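This report refers to the structure that appears directly beneath it.
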Amino acid sequence: IRDTDMAEQMTSLTGFQVLTQAGTAMLAQANSRPQNVLQLLR
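Below is the structure:
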């Protein structure tokens with residue numbers, strides 16, 4: 021039973037890590053876009 025719980029927890033952790041990385045990437049892109057617009061205007 022413990023091994024099953026451990027595998028389930030690892031699967032859950034991996035899923036959360038993927039979501040966290042995706043969110044971080046989206047924030048990085050969102051933050052870089054205003055800078056790109058400013059560069060175009062210069």
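Last residue of the sequence shown? That's 62 in the numbering used here, and every number before it is there in order. By construction, the Cβ of each residue, glycine as well, lies at the ideal position given by its N, Cα and C atoms. Because the structure is a prediction, the values reported are computed rather than measured.
To which residues of the same chain is residue 43 closer than 8 Å at the C-beta, ignoring the five residues directly before and after it?
-> none
Is residue 53 helix, strand or coil when you go by DSSP?
-> helix
Kindly list the residues whose CB is nearer than 6 Å to the CB of residue 24, restricted to its own chain and excluding five residues on each side of it in sequence; keep chain order.
-> none
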